[in-house]
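Reading the sequence shown from the start, the letters are residues 11 to 226 in my numbering.
Report on one structure; see the data block that follows.
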Amino acid sequence: MNRPKLVLNLRKMDDLMMTMIILIQEQLETVKTALINQDKALAYQVKKMDKRIDDLEMEIERECIDAIALQQPLACDLRRIESTLKMITDLERIGDNSVNIARIVLSQKERFTIKPMIELQKLFELVMLMLRQWTDSYVRSSVELAVLTARIDDEVDLIYESFYRGMLEVLVDHPGKRDQIVAYLFIGRYLERMGDHVTNLSERVVYSVSGERVSF
Numbered sequence: 011m012n013r014p015k016l017v018l019n020l021r022k023m024d025d026l027m028m029t030m031i032i033l034i035q036e037q038l039e040t041v042k043t044a045l046i047n048q049d050k051a052l053a054y055q056v057k058k059m060d061k062r063i064d065d066l067e068m069e070i071e072r073e074c075i076d077a078i079a080l081q082q083p084l085a086c087d088l089r090r091i092e093s094t095l096k097m098i099t100d101l102e103r104i105g106d107n108s109v110n111i112a113r114i115v116l117s118q119k120e121r122f123t124i125k126p127m128i129e130l131q132k133l134f135e136l137v138m139l140m141l142r143q144w145t146d147s148y149v150r151s152s153v154e155l156a157v158l159t160a161r162i163d164d165e166v167d168l169i170y171e172s173f174y175r176g177m178l179e180v181l182v183d184h185p186g187k188r189d190q191i192v193a194y195l196f197i198g199r200y201l202e203r204m205g206d207h208v209t210n211l212s213e214r215v216v217y218s219v220s221g222e223r224v225s226f
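The following block contains the structure:
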């Protein structure tokens with residue numbers, strides 16, 4: 011095994027991962043602002059960011075494959091590489107859901123006249139908190155922080171359920187605003203899925219650090 015070359019592979023893999031993570035966070039923050047301000051130019055920027063995220067996913071995948079195929083990594087390194095390959099899939103899907111929200115903003119022919127329920131704002135805040143906290147767990151290789159991050163998803167699920175029921179009640183009172191209400195329901199669903207993906211990411215950190223396979 012060429013250990014120095016493997017170290018370089020892993021270092022580049024980590025650098026690319028951090029670039030991807032930061033971009034995913036920026037994309038989520040941007041789409042939140044685009045929705046709140048109903049800013050189609052910002053929503054379009056979210057879509058453009060997705061191309062760079064997809065490119066990063068492929069670059070990281072290449073580094074992982076090279077490390078496995080050419081460097082014969084030790085078991086601990088192999089576990090780290092395997093976890094990274096799975097992490098980039100969940101990160102990319104978080105990005106896809108941000109793009110889905112951006113598409114809703116872009117598709118609206120008129121400005122939203124029904125304000126979203128407070129739960130939608132809370133969903134954004136919780137998913138962004140999960141993503142930031144998971145990033146800390148990843149950087150610090152902290153199993154404890156990864157577990158705490160995954161627990162936040164329980165709150166995400168509860169708030170999503172409350173939001174869903176509330177929006178259905180709004181639909182009864184405002185049937186003429188059906189399209190807007192359905193759009194909000196989709197946005198809530200995309201955020202709930204993001205929480206699930208961050209939970210998956212937390213499971214990957216636990217496995218990468220401890221070798222234990224967990225399911226939160």
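Heads up, the beta-carbon is just placed ideally off N, CA and C, and yes, glycines get one too.
Rounded C-alpha distance that separates methionine 23 from glycine 105: Going from the Cα of methionine 23 to the Cα of glycine 105 covers about 19 Å.
Using a Cβ-Cβ cut-off of 6 Å (strictly less than) and excluding sequence neighbours within five positions of leucine 201, which residues of its own chain qualify? Leu133, Val137
If contacts are defined as beta-carbon pairs under 8 Å, then tyrosine 217 and serine 93 qualify, I think. What distance do you get, rounded to the angstrom? 6 Å
What residue does the alpha helix (DSSP H) around methionine 59 start on, and which one ends it? 50-81
Under the assumption that aspartate 193 contacts glutamine 118 (Cβ atoms under 8 Å), give the Cβ distance between them as a whole number of angstroms. One point to set straight first is that residue 193 is alanine, not aspartate, in the sequence displayed. At roughly 7 Å, the Cβ-Cβ gap stays under 8 Å, so alanine 193 and glutamine 118 are in contact.
Residues near aspartate 76 by beta carbon distance below 7 Å, same chain, minus five either side: Excluding the 5 residues flanking it on each side, aspartate 76 has same chain C-beta neighbours closer than 7 Å at Asn19, in chain order.
If I'm right that lysine 58 touches leucine 116 with Cβ under 8 Å, what's the distance once you round it to whole angstroms? Between leucine 116 and lysine 58 the Cβ distance is about 12 Å, and since that is not below 8 Å, they are no contact.
Count the other CB atoms within 10 Å of the CB of lysine 125; is the residue buried (16 or more) or exposed (fewer)? Per the 10 Å Cβ criterion, exposed.
Roughly how many whole angstroms lie between the Cα atoms of isoleucine 31 and arginine 223? 23 Å
For the alpha helix (DSSP H) holding lysine 96, just list the boundary residues, first then last. 85-117
Please work out which residues of its chain come closer than 7 Å, Cβ to Cβ, to valine 56, disregarding the five sequence neighbours upstream and downstream, and give them in chain order. Gln37, Thr40, Val41, Ala44, Ser108, Val109, Ala112
Run the CB neighbour count on serine 6, radius 10 Å, all protein chains shown included, and call it buried at 16 or more, exposed below. Since the first and last residues shown for the chain are 11 and 226, residue 6 lies out of range.
Just checking my contact of leucine 139 with isoleucine 162 at CB under 8 Å: how many whole Å lie between their CB atoms? Contact between leucine 139 and isoleucine 162 holds, since their C-beta atoms are separated by about 7 Å, short of 8 Å.
Isoleucine 124, DSSP secondary structure in three states: In this structure, DSSP gives isoleucine 124 a state outside helix and strand, which the three-state scheme calls coil.
Length-filtered (4 minimum) alpha helix (DSSP H) runs lying within the region 125-181: Within the region 125-181, the complete alpha helix (DSSP H) runs of at least 4 residues are 128-150.
Under a three-way DSSP split, which group does glutamate 222 fall into? coil
Spatial neighbours of threonine 209 within its chain, please: C-beta separation below 6 Å, excluding the five flanking residues on both sides. Ala160, Asp163, Phe226
CA-to-CA distance, glycine 186 to valine 157, given in whole angstroms: Using only the alpha carbons, I get a separation of about 44 Å.
Nearest to isoleucine 197 by alpha carbon, out of Ile46, Leu16, Lys15? Ile46
Selection from Arg121, Gln35, Arg90, Arg188 that minimises the alpha carbon distance to glutamate 135: Among Arg121, Gln35, Arg90, Arg188, the Cα nearest to that of glutamate 135 belongs to Gln35.
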